[in-house]
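Below you'll find the structure, written out as structure tokens, and then a few comments.
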Amino acid sequence: MNLPRIARLAHPVSFSCRRSFTSASRLLTRGAFLSQHRPLNGTLLPGRRLFSDKPETPKTEQAAAPATGEQADYVGPLSSTFRKLKIFSLASCGLSVTLAPFMFLVESNLPYSARLALASIAIGTSGLSTSLVAWCARPYVTTLGRLKPEGEKGGEVLQLTTMTLTLRHRVTTVYDPEFLIETRRPMAKWELASQMTLPASRLATEGKSLVGTQETVAETVDHTGKIIGRWIVTWGENGEGVCHQAGHVVKYFNVHEELLS
Numbered sequence: 001m002n003l004p005r006i007a008r009l010a011h012p013v014s015f016s017c018r019r020s021f022t023s024a025s026r027l028l029t030r031g032a033f034l035s036q037h038r039p040l041n042g043t044l045l046p047g048r049r050l051f052s053d054k055p056e057t058p059k060t061e062q063a064a065a066p067a068t069g070e071q072a073d074y075v076g077p078l079s080s081t082f083r084k085l086k087i088f089s090l091a092s093c094g095l096s097v098t099l100a101p102f103m104f105l106v107e108s109n110l111p112y113s114a115r116l117a118l119a120s121i122a123i124g125t126s127g128l129s130t131s132l133v134a135w136c137a138r139p140y141v142t143t144l145g146r147l148k149p150e151g152e153k154g155g156e157v158l159q160l161t162t163m164t165l166t167l168r169h170r171v172t173t174v175y176d177p178e179f180l181i182e183t184r185r186p187m188a189k190w191e192l193a194s195q196m197t198l199p200a201s202r203l204a205t206e207g208k209s210l211v212g213t214q215e216t217v218a219e220t221v222d223h224t225g226k227i228i229g230r231w232i233v234t235w236g237e238n239g240e241g242v243c244h245q246a247g248h249v250v251k252y253f254n255v256h257e258e259l260l261s
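Mapping of the sequence shown onto the UniProt record's numbering: residues 1 to 261, in sequence order.
Right, dumping it as structure tokens:
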């Protein structure tokens with residue numbers, strides 16, 4: 001079963017700037033990974049997302065295991081590179097912190113203030129570079145898989161695996177890919193939408209009953225299988241939904257769109 005199409009629209013938070021997201025459009029027209037899906041009402045509200053026109057998929061507390069290279073539909077080609085970069089960055093940072101005290105123990109003609117400055121510069125530079133590596137590599141998707149929960153109604157869901165700076169897996173399950181939109185964050189391609197609107201067909205039948213209710217859009221588990229965060233939508237009047245974060249959910253994802261075919 002093909003996944004619903006990721007809609008092209010303006011960023012959900014900034015209403016003054018619109019983007020065409022041509023790269024996402026080219027990806028979706030290639031057809032093998034995500035299928036074409038025309039908006040039901042023919043138009044998109046500026047700054048809003050259309051909620052997918054499908055029944056809600058029941059959520060489970062079952063731990064999600066990261067897909068292996070053979071099982072995944074997509075494997076990040078830079079996964080090994082980012083892994084080595086993190087190891088090198090952590091090693092250099094640890095070495096700087098370990099050797100800094102020796103600057104004060106070894107006899108030298110340098111005054112105490114100069115030694116303190118050198119130690120601070122060494123530790124600060126190493127810490128800054130490590131933080132930069134962590135920020136750039138955090139959204140990188142190492143594997144991406146599609147799964148269909150057995151015995152449950154609804155379409156396929158996405159399972160995206162990222163890694164922390166300490167090389168721990170974070171598996172984020174997105175129950176409806178319609179909530180993935182293109183992002184403005186550097187070093188990332190997609191993000192979870194902050195606002196969306198129900199399609200006209202679902203608004204007519206469920207709009208009033210959904211007011212004040214909440215649905216889980218995505219959830220993230222750690223390497224032990226424990227749920228550490230959820231992305232939740234709260235429905236309001238006229239089918240308008242606002243999402244918020246509960247815990248620590250992975251919101252941004254960096255993928256090579258040209259490989260999703």
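For glycine and all other residues, C-beta sits at the position ideal for the given N, C-alpha and C.
Beta bridge counterpart(s) of residue i as assigned by DSSP
i: Arg-170; result: Thr-162
i: His-244; result: Ile-232
Inter-residue Cα distance where the pair is residue i and residue j
i: Ala-91; j: Ala-122; result: 14 Å
i: Thr-216; j: Ser-129; result: 36 Å
i: Leu-99; j: Thr-125; result: 14 Å
i: Glu-206; j: Lys-251; result: 27 Å
i: Ala-246; j: Gly-229; result: 5 Å
i: Leu-160; j: Val-255; result: 10 Å
i: Asn-238; j: Arg-83; result: 46 Å
i: Thr-213; j: His-244; result: 13 Å
i: Pro-101; j: Asn-109; result: 16 Å
i: residue 271; j: Glu-240; result: Missing from the structure shown is residue 271; the chain here goes from 1 to 261 and no further.
i: Arg-202; j: Ile-227; result: 30 Å
i: Val-75; j: Ala-114; result: 48 Å
i: Gly-225; j: Val-157; result: 18 Å
i: residue 345; j: Ala-204; result: The requested residue 345 does not occur in the structure, where the chain is confined to residues 1 to 261.
i: Thr-29; j: Ile-87; result: Low local confidence applies: a pLDDT of 37 at Thr-29 is under 50, so the model's placement there is unreliable, and no value is given.
i: Leu-78; j: Thr-162; result: 12 Å
i: Lys-148; j: Ala-119; result: 54 Å
Exposure label - residue i; buried when at least 16 CB within 10 Å
i: Ala-117; result: exposed
i: Ser-89; result: buried
i: Leu-209; result: At residue 209 the sequence reads Ser, which differs from the Leu that was named. That one is exposed.
i: Tyr-140; result: buried
i: Met-187; result: exposed
i: Ile-181; result: buried
i: Leu-9; result: The predicted model places Leu-9 with a pLDDT of 36, which falls under 50 and marks its position as unreliable, so this point remains unresolved.
i: Tyr-175; result: buried
i: Pro-177; result: buried
i: Gly-155; result: buried
i: Val-106; result: exposed
C-beta contact flag for residue i and residue j at 8 Å
i: Thr-183; j: Trp-190; result: yes
i: Trp-231; j: Ala-218; result: yes
i: Arg-146; j: Asp-73; result: yes
i: Leu-165; j: Ala-200; result: no
i: His-223; j: Arg-168; result: yes
i: Thr-220; j: Thr-172; result: yes
i: Ala-137; j: Leu-192; result: no
### Task
Ignoring anything shorter than 3 residues or poking outside the segment 172-237, list the beta strand (DSSP E) runs there in chain order.
For the segment 172-237, whole beta strand (DSSP E) runs of length 3 or above, ordered along the chain, are 180-182, 190-192, 195-197, 214-221 and 227-235.
### Message
What ranges does the beta strand (DSSP E) occupy inside the segment 68-156, keeping only unbroken runs of at least 3 residues that lie completely in it?
### Response
Taking 3 residues as the shortest admissible run, the segment 68-156 contains the following complete beta strand (DSSP E) segments, listed from N- to C-terminal end: 143-147.
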